[in-house]
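Using this note's numbering, read the sequence shown as starting at -5 and increasing by one per residue. Before any comments, here is the structure.
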Amino acid sequence: MEFISTSPYPTTGNGSLVCNNIKWDKPPEGYFKLNTDGSSLRTSGAAACGGLIRNSLARWVVGFARNIGITSALGAEFWGVRDGLIVARNWGIQNIIVEMDSLIVF
């Protein structure tokens, strides 16, 4: 499935937003892919994270989500990766690729 992502960064010379096609790719054979995300409300700091693991056939293996409490958006992203790796370990998954939208955490 393909998505179109818009962001105020980057823009064209005339100030128009640049749209990028974003496509999820399945992991190579013998690998799993962990996709995570986290978010936090600016007003209260209430945060949550979640994610899922898929196999090399792009089939859903396991998912997870939880409320974290009060933290920043960056903190929620960290919790998502941490929780996802713990889930992977608990499921005996070793060959794992992590994908997320935060360039700072990654």
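Cβ atoms here follow ideal geometry from the backbone N, Cα and C, with glycine treated the same way. Because the structure is a prediction, the values reported are computed rather than measured.
Considering residue i, what are the terminal residues of the beta strand (DSSP E) in which it resides?
{"i": "residue 54", "result": "54 to 64"}
{"i": "residue 31", "result": "26 to 34"}
{"i": "residue 39", "result": "Premise fails: residue 39 is in no beta strand (DSSP E) and is neither H nor E."}
Near residue i, which residues of its chain fall below 6 Å by C-beta distance, leaving aside the five closest residues on each side in sequence?
{"i": "residue 57", "result": "46"}
{"i": "residue 40", "result": "none"}
{"i": "residue 87", "result": "26"}
{"i": "residue 96", "result": "71"}
Which stretch, first to last residue, makes up the alpha helix (DSSP H) that contains residue i?
{"i": "residue 90", "result": "From DSSP, residue 90 is part of no alpha helix (DSSP H) but of the beta strand (DSSP E) over 90 to 93."}
{"i": "residue 68", "result": "67 to 84"}
Using C-beta distances below 7 Å, list every residue in its chain close to residue i, excluding the 5 sequence neighbours before and after it, in chain order.
{"i": "residue 75", "result": "30, 92, 94 and 99"}
Taking 9 Å as the threshold (beta carbon to beta carbon), is residue i in contact with chain B?
{"i": "residue 62", "result": "No chain B is present in this structure, which holds just one protein chain."}
Return the Cβ separation of residue i and residue j in integer angstroms, given the expectation that the two are a contact with Cβ distance under 8 Å.
{"i": "residue 67", "j": "residue 34", "result": "4 Å"}
Identify, in the order they occur along the chain, each residue of the same chain with its Cβ nearer than 8 Å to the Cβ of residue i, setting aside the five sequence neighbours on each side.
{"i": "residue 24", "result": "50 and 89"}
{"i": "residue 65", "result": "34, 39, 41 and 73"}
For residue i, list the residues DSSP reports as bridge partners.
{"i": "residue 46", "result": "29 and 57"}
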